[in-house]
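Enquirer: Letter by letter, the sequence shown follows residues 190 to 405 of the working numbering.
I have a structure I would like to understand better, so I am pasting it below and will then ask my questions one at a time.
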Amino acid sequence: MQDLTKSKIKLAFLLLIAFVPITLASFAFRSAMENGGFGNTINKGNFILPPADITDLAMRDSNGQPLFRSFEDRIAELESEDDYVPEPWLMVFVTARDCDAECEQRIHLLRQMHITLGKDMPRVRRYYLNATGYDLPDQTAEHFRNEYPSMGIASTLKDIITENLAQKGVTINLDSNSYVFFVDPVGNVMMYYEPHHTIEDIKADIERLLELSSLG
190 MQDLTKSKIK LAFLLLIAFV PITLASFAFR SAMENGGFGN TINKGNFILP PADITDLAMR
250 DSNGQPLFRS FEDRIAELES EDDYVPEPWL MVFVTARDCD AECEQRIHLL RQMHITLGKD
310 MPRVRRYYLN ATGYDLPDQT AEHFRNEYPS MGIASTLKDI ITENLAQKGV TINLDSNSYV
370 FFVDPVGNVM MYYEPHHTIE DIKADIERLL ELSSLG
């Protein structure tokens, strides 16, 4: 019983360590948004406040199985802090249309931007989230495997995303636009980018978030 109590105390401490850096990063960006600047910068993307959960994106693998669980569900299975494996930050490109030339260009630029993160590159993982409701065309899937082997590919339904985000006060239109979402290492979907946001906008925010947070 004593060992179990000690384990729970250690796990609670782990959760505190994990959550505080993310909270501070989110708070700093929120302050920038409200006060007009953070140092010489302001956030470029749109905040999701309160954040959505990674499960709200309903991302599934090629077998139709959920790719992510909530942070609480993952933590509940741990016996001790030694079992905890930090997750990377995620950049999730979401589209409900076939990947045309504009889509391909965006994915290419996201990959190039990811590379420029240098030593922080392993702290971020990219995903292509297909919200069309049907499988990727074979030619597109093959192209992604050859050109972007480090990019994860997932599927979802656009209505699930739009309805879940609407509950957070976020309105998106996947019928006409594609988006990029930031997900922090504990599964908070905290920011999103619309087509008018440039790759430079996205890079500025992710670099600042990585600087502010020691997690992931």
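Here a beta-carbon is modelled for each residue, glycine too, at the ideal position from N, C-alpha and C.
1. Residue 382 and residue 369: beta carbons closer than 8 Å?
2. Is residue 367 closer than 8 Å to residue 295 when the C-beta atoms are compared?
3. Distance, Cα to Cα, residue 288 vs residue 329?
4. If you draw a straight line from the alpha carbon of residue 384 to that of residue 318, how long is it in whole angstroms?
5. If we call anything under 8 Å between Cβ atoms a contact, is residue 376 one with residue 243?
6. For residue 397, which of helix, strand or coil comes out of DSSP?
7. Hey, how far is the Cα of residue 386 from the Cα of residue 393?
8. Please classify residue 237: does DSSP put it in a helix, a strand, or coil?
9. Report the partner residues of residue 382 according to the DSSP bridge assignment.
10. Quick check on DSSP: helix, strand or coil for residue 310?
11. Using the Cα positions of residue 280 and residue 315, report the straight-line distance between them to the nearest angstrom.
12. Do the region 303 to 312 and the region 263 to 270 touch if we need at least three Cβ pairs shorter than 8 Å?
13. Tell me where the alpha helix (DSSP H) around residue 329 begins and ends.
14. Per DSSP, residue 282 is paired with what?
15. Is it buried or exposed, residue 290, if we count other Cβ atoms within 10 angstroms and call 16 or more buried?
16. So what does DSSP say about residue 355, is it helix, strand or coil?
17. Work out the CA separation of residue 306 and residue 400 for me, nearest whole Å.
Expert: So, to answer that:
1. Residue 382 sits at position 193 when you count from the first residue of the sequence shown. Residue 369 sits at position 180 when you count from the first residue of the sequence shown. Yes, these two residues count as a Cβ contact at 8 Å.
2. Sequence index remark: in the sequence shown, residue 295 carries index 106 (1-based). Sequence index remark: in the sequence shown, residue 367 carries index 178 (1-based). Taking 8 Å as the Cβ cut-off, residue 295 and residue 367 qualify as a contacting pair.
3. Numbered from 1 along the sequence shown, position 99 holds the residue referred to as residue 288. Numbered from 1 along the sequence shown, position 140 holds the residue referred to as residue 329. Taking the straight line from one Cα to the other gives about 8 Å.
4. If you number the sequence shown from 1, residue 384 lands on position 195. If you number the sequence shown from 1, residue 318 lands on position 129. Their Cα atoms are separated by approximately 16 Å.
5. Within the sequence shown, the letter at position 187 stands for residue 376. Within the sequence shown, the letter at position 54 stands for residue 243. Yes, Cβ-Cβ distance for residue 376 and residue 243 is below 8 Å.
6. As a first step, residue 397 is located in the sequence shown; it is residue number 208 there, counting from the start. In the structure shown, residue 397 sits in a helix (DSSP, three-state: H, G or I).
7. For this step, residue 386 is matched to residue 197 along the sequence shown. For this step, residue 393 is matched to residue 204 along the sequence shown. Each residue's alpha carbon lies about 11 Å from the other.
8. As a position in the sequence shown, residue 237 is number 48, starting the count at 1. Residue 237: strand per DSSP, three-state reduction.
9. In the sequence shown, the residue the question calls residue 382 occupies position 193. DSSP, once it has assigned bridges, lists 369 as partnering residue 382.
10. Reading the sequence shown from its first residue, position 121 is the one you call residue 310. Helix.
11. Locating residue 280 in the sequence shown gives position 91, where the first residue counts as 1. Locating residue 315 in the sequence shown gives position 126, where the first residue counts as 1. Computed Cα separation, rounded: 5 Å.
12. no
13. As a position in the sequence shown, residue 329 is number 140, starting the count at 1. Here the alpha helix (DSSP H) through residue 329 covers 327 to 336.
14. Position 93 of the sequence shown, counted from the start, is the residue given in the question as residue 282. Bridge partners of residue 282: 317 and 369.
15. For the purposes of this step, residue 290 is taken as residue 101 along the sequence shown, with counting starting at 1. Residue 290 is exposed by the Cβ-count criterion.
16. The residue you call residue 355 lines up with position 166 of the sequence shown. DSSP places residue 355 in helix when its eight states are reduced to three.
17. Mapped onto the sequence shown, residue 400 falls at position 211. Mapped onto the sequence shown, residue 306 falls at position 117. Going by the C-alpha atoms only, they are around 11 Å apart.
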